[in-house]
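Going by UniProt numbering, 125 is the number at position 125 of the sequence shown; the sequence numbering is gapless. Everything on this sheet refers to the single structure shown next.
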Amino acid sequence: MSLDNTGHVQDNSPSHSAMIARFYVLPQLTGSGDADIFVAYSNEAPSGVLFDISFDGTNFNFDAGGAGGASASAAAVTGWNLIEVKFNSGGNFEYWVNVDATTDPATGSFSSGSGTIEAVRMGLPNGLGGFSGGKVSYDSYESHASTPVGSLLIGDANADETVNVLDYSSVQQDILGNLQSGQPDCNLDGSVNVLDYGCVQSVILGG
């Protein structure tokens with residue numbers, strides 16, 4: 001999903017005092033601003049923001065002030081970014097940025113505050129946040145009640161849950177315009193090209 005103005009997808013299934021969500025995001029915005037990219041609400045209307053994640057051109061900002069919690073920031077990288085968050089009412093809000101939540105410690109944590117999540121919106125629910133243009137792309141959203149989600153298998157272009165020589169062909173097919181269901185953008189730079197062949201080879205060789 002790519003958005004260049006106000007838009008979002010909404011998930012009304014959480015209804016939990018604890019929630020883990022993982023998604024990939026590729027910000028390609030111009031000018032300056034601070035755009036909300038993920039918002040959790042206390043009802044499905046939605047209203048009553050519990051926490052939100054925004055992008056200010058340099059950092060991802062995590063803010064649980066709506067739930068009476070705290071806030072923190074983490075640096076973004078050029079290209080696709082992996083974000084995973086854990087909201088735990090009455091406990092800690094943990095966030096992972098470009099690390100795997102199933103194997104790596106959290107990038108940071110702070111007080112969650114308290115509340116029950118009834119809906120979340122991923123996208124640009126409040127528009128570009130002052131940015132003059134560009135777009136934000138999203139992929140692979142997944143949420144759990146308590147189990148960490150973790151990263152996708154990078155280089156698995158054909159989505160068969162392994163990285164081998166078959167993925168070279170899938171990268172080639174994606175370059176030719178036949179979109180693949182896996183992860184052909186192996187180096188996460190926001191485009192699929194010949195550099196991804198080398199990335200797949202590196203993964204196969206254990207690099």
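Backbone N, C-alpha and C define an ideal beta-carbon position, used for all residues, glycine too.
Scanning Gly90, Val25, Leu26, Thr103 for the CA closest to the CA of Ala70 turns up Gly90.
Using a Cβ distance threshold of 9 angstroms, Ala119 and Pro46 count as a contacting pair.
For the UniProt domain "Dockerin" (150–207), not one full-length beta strand (DSSP E) segment reaches 3 residues or more. The residues Ile20, Glu94, in chain order, have a CB closer than 6 angstroms to that of Lys86 in the same chain once the five nearest residues on each side in sequence are set aside. Cβ-Cβ distances below 7 angstroms link Gln180 to Ala157, Asn158, Ser170, Gln173, Asp174 in the same chain, with the five nearest sequence neighbours on each side left out; the list follows chain order. Rounded to the nearest whole angstrom, the C-alpha separation of Phe110 and Ala145 is 19 angstroms. In the DSSP assignment, Asn81 is bridged to Val25. By the 16-neighbour rule on beta-carbons within 10 angstroms, Gly190 is exposed. Bounds of the beta strand (DSSP E) holding Gly7 are 7–11. For Asn12, the closest C-alpha among the options Val99, Gln201, Met122 is that of Met122. Assignment of Ala18 by DSSP, reduced to helix, strand and coil, places it in the strand class. Taking C-beta separations shorter than 6 angstroms and ignoring five residues to either side along the sequence, the partners of Ala101 in its chain run Glu84, Pro148, Gly150, following chain order. The beta-carbon distance between Leu124 and Gly7, rounded to whole angstroms, is 6 angstroms. This is short enough to meet the 8 angstroms contact definition. In the three-state scheme derived from DSSP, where H, G and I count as helix and E and B as strand, Gly127 is classed as coil. For the options Gln201, Leu29, Ile117, Val192, the alpha carbon positioned closest to that of Asn178 is the one of Val192.
Per DSSP, Ser140 is one residue of the beta strand (DSSP E) stretching across 133–144. With contacts defined as CB atoms closer than 9 angstroms, Leu29 and Gly127 fail to qualify as a contacting pair.
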